[in-house]
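Numbering (the working numbering), first residue to last: 303 to 744.
I have placed the structure first, in the form of structure tokens, so that the comments after it can refer back to it.
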Amino acid sequence: MTLPSTHDVALAAERRTAARLLLAHPLIASDGPHADLFPLIRRHADWLGKRFQQVLGYRLLVDSSYARLFKAGLGAGSGHRMERSTGTPFTPHTYACLALALSVLVTAPEQMLLSHLVADIRAAAADAGIELEETGRAAGKRTLVAALRQLVDWGVLIETEGHVATLAQEAGGEALITIDRELARVVVAGPLSQARDGADLVRRAADPGFGGPRTYVRRMLVETPVVHLDELTDAERDWLRTRQRREAQAFSELLGLDMEIRAEGVALVDPEEELTDLHLPGTGTVAQAALLLAERLVERLRPQEPGHPATGGTLVIGVAVPDGLVDEVLAELIADYGQRSNWQRGYLEDLPSLRKAVLDLLVRMRLMARAGRLRADGEGLPEGYVEEASEGRTVTDVHGARPRSSDGWVLLATAARYATQVTVRPATAASKGTDVQEELPL
Numbered sequence: 303m304t305l306p307s308t309h310d311v312a313l314a315a316e317r318r319t320a321a322r323l324l325l326a327h328p329l330i331a332s333d334g335p336h337a338d339l340f341p342l343i344r345r346h347a348d349w350l351g352k353r354f355q356q357v358l359g360y361r362l363l364v365d366s367s368y369a370r371l372f373k374a375g376l377g378a379g380s381g382h383r384m385e386r387s388t389g390t391p392f393t394p395h396t397y398a399c400l401a402l403a404l405s406v407l408v409t410a411p412e413q414m415l416l417s418h419l420v421a422d423i424r425a426a427a428a429d430a431g432i433e434l435e436e437t438g439r440a441a442g443k444r445t446l447v448a449a450l451r452q453l454v455d456w457g458v459l460i461e462t463e464g465h466v467a468t469l470a471q472e473a474g475g476e477a478l479i480t481i482d483r484e485l486a487r488v489v490v491a492g493p494l495s496q497a498r499d500g501a502d503l504v505r506r507a508a509d510p511g512f513g514g515p516r517t518y519v520r521r522m523l524v525e526t527p528v529v530h531l532d533e534l535t536d537a538e539r540d541w542l543r544t545r546q547r548r549e550a551q552a553f554s555e556l557l558g559l560d561m562e563i564r565a566e567g568v569a570l571v572d573p574e575e576e577l578t579d580l581h582l583p584g585t586g587t588v589a590q591a592a593l594l595l596a597e598r599l600v601e602r603l604r605p606q607e608p609g610h611p612a613t614g615g616t617l618v619i620g621v622a623v624p625d626g627l628v629d630e631v632l633a634e635l636i637a638d639y640g641q642r643s644n645w646q647r648g649y650l651e652d653l654p655s656l657r658k659a660v661l662d663l664l665v666r667m668r669l670m671a672r673a674g675r676l677r678a679d680g681e682g683l684p685e686g687y688v689e690e691a692s693e694g695r696t697v698t699d700v701h702g703a704r705p706r707s708s709d710g711w712v713l714l715a716t717a718a719r720y721a722t723q724v725t726v727r728p729a730t731a732a733s734k735g736t737d738v739q740e741e742l743p744l
């Protein structure tokens, strides 16, 4: 076997670095935060464009001043939400302001006053029949500023004189804004001209096209923390299980990701811990409470003898969380850790708010989920999409692998990865007493 040359190793490393950057930051300006790596993307633009198209069905556009990877969606409820600088998620009104601002900016002059931009956004809202929060009030101003700040972060807006945040000041400040119309035109990745409404846009954006199950599963792997088998159709499960070893090698070469394969599903793991917008374990009250909640729920709800259908066992992907158990455990955690860990007083005094924030994080990490119909049941599939595996192919049976009731919460198998387990081993000749180690169950 011929070993790769030093040049080949360096070339692969450059391409992998550029691919990872684009996956984490799909819109990169030549003078933005990642300007030092922009030449790397331009140098390998052709190769990157072909590989992203072949593997994920993503289109890559590289210009002299920006690079844009047009990602596709995964369907309703699977988006990566945007947040304000405070960590507060965008509200529907914030997204509406963002969309209206983009509709104005694609044909705006190169420079304009902030007050004129706000007036144009109001006019666009009126033309579209959209009711915005009163932009003259404090809450409405903050909402609009959050949308404009996002455009500044993307490089679509440049604060030439003054800042967009002055809009939220009591007297209403002014600023001179420079606009990059090219960037404004490439922000939206979905098929706007074909969509009838917002819901239709989400459905169309999630359609993998000619790639079918292959493309959708690959997108799920790179865009979500873990892919559970019952989140896939029969055709998707068949494709994944028959090709997962080959795919593991492909993702390792393209993105430097390792594939972890379990009975319940598959996850891509990043040894560098760079390609994620969520962290658990993490800092802060919500992250700490979420980790402790997951641990205690696993201790109480872990199934006795989970197995795999191939060996005559019963596949368990999720178990029902009894009503009231989350509140009960959170109350225990507040009593045990809240005060001495300096958790935020607002959460200590408001259990419903803590519950909402903690469950939101666990859902986004794919450690918990709402009970209900899944993709395996045909939920959320595009029209004409292939659901069944090829005739004669046997796929893993996922029916009953988690509760399908219309309400309630489900603790997913991946939560066990965050629950410490004490293993007691006999003492060795080199030591006396008991050898106790903490392990993470796999």
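We treat Cβ as the ideally placed atom computed from N, Cα and C, and that holds for glycine.
Everything numeric in this text was worked out from a predicted model, so none of it was measured.
How is residue i classed by DSSP in three states: helix, strand or coil?
i, result
"A315", "helix"
"G584", "coil"
"T308", "helix"
"P391", "strand"
"P743", "Any reading at P743 is ruled out, since the residue's pLDDT is 35, under 50, leaving its predicted position unreliable."
"D455", "helix"
"Q551", "helix"
"D333", "coil"
"G735", "Only weak support is given to the placement of G735: the predicted model assigns it a pLDDT of 41, under 50, and the question is left unresolved by the model."
"A320", "helix"
"I563", "strand"
"Y518", "helix"
"V724", "Because V724 carries a pLDDT of 47, less than 50, the predicted location of this residue cannot be relied on, and the following value inherits that uncertainty. Looking at V724 - three-state DSSP - the assignment turns out to be strand."
"G674", "coil"
"G686", "coil"
"E461", "strand"
"W711", "strand"
"H530", "strand"
"A507", "helix"
"V623", "strand"
"Q413", "strand"
"T535", "coil"
"V447", "helix"
"R695", "coil"
"T616", "coil"
"T480", "strand"
"R361", "strand"
Using the Cβ count rule (16 or more neighbours within 10 Å means buried), how would you classify residue i?
i, result
"K443", "buried"
"K751", "The structure shown does not extend to residue 751, since the chain spans only 303 to 744, so no value can be given for it."
"P515", "buried"
"R672", "exposed"
"P510", "buried"
"H799", "Only positions 303 to 744 of the chain appear in this structure, which leaves residue 799 out of reach."
"A273", "For the chain, the structure presents residues 303 to 744; residue 273 sits outside this window and is missing."
"R675", "exposed"
"D536", "buried"
"P605", "exposed"
"E630", "exposed"
"D348", "exposed"
"T247", "No information on residue 247 is available, as it lies outside the stretch 303 to 744 that the chain covers here."
"D540", "buried"
"G500", "exposed"
"L494", "exposed"
"T390", "exposed"
Residue i and residue j: beta carbons closer than 8 angstroms?
i, j, result
"V489", "L404", "yes"
"V524", "L358", "yes"
"R483", "A410", "yes"
"W456", "L478", "no"
"R317", "H336", "no"
"A427", "L416", "no"
"I343", "A314", "no"
"A250", "I432", "Residue 250 lies beyond the residue range present for the chain, which begins at 303 and ends at 744; the question has no answer from this structure."
"E549", "M561", "yes"
"G682", "A378", "yes"
"E463", "V454", "no"
"V406", "D422", "yes"
"G558", "E538", "no"
Assuming residue i contacts residue j under a Cβ cut-off of 8 angstroms, what Cβ separation, rounded to an integer in Å, is found between them?
i, j, result
"V700", "A678", "5 angstroms"
"V420", "L459", "With 8 angstroms as the limit, V420 and L459 do not qualify as a contact, their Cβ atoms being about 12 angstroms apart."
"R521", "L376", "6 angstroms"
"V628", "R657", "6 angstroms"
"T698", "L531", "6 angstroms"
"G351", "L362", "4 angstroms"
Are the C-beta atoms of residue i and some chain C residue less than 8 angstroms apart?
i, result
"L342", "Included in the structure is just one protein chain, with no chain C present."
Problem - Cβ contact check for the stretch 324-337 and the stretch 352-372: 3 or more pairs under 8 angstroms - result: Pairwise C-beta distances place the stretch 324-337 in contact with the stretch 352-372, as three or more of them are shorter than 8 angstroms.
Exercise for the section: Answer yes if the stretch 371-391 comes into contact with the stretch 534-549, meaning at least three C-beta pairs across the two stretches below 8 angstroms, and no otherwise. Expected result: At 8 angstroms Cβ cutoff, the stretches do not touch.
Exercise for the section: State whether the stretch 549-569 contacts the stretch 585-605, with contact taken as three or more CB pairs (one from each stretch) at a distance under 8 angstroms. Expected result: no
Practice task
Count the CB pairs spanning the stretch 576-590 and the stretch 652-671 that are closer than 8 angstroms, and state whether there are at least three.
Solution key: yes
Practice task
Would you check if there are 3 or more beta carbon pairs closer than 8 angstroms linking the stretch 637-655 to the stretch 598-608?
Solution key: no
Practice task
Report yes or no: do three or more beta-carbon pairs, one from the stretch 560-568 and one from the stretch 645-657, lie closer than 8 angstroms?
Solution key: With a cut-off of 8 angstroms, the stretch 645-657 and the stretch 560-568 do not count as touching, because too few Cβ pairs lie within range.
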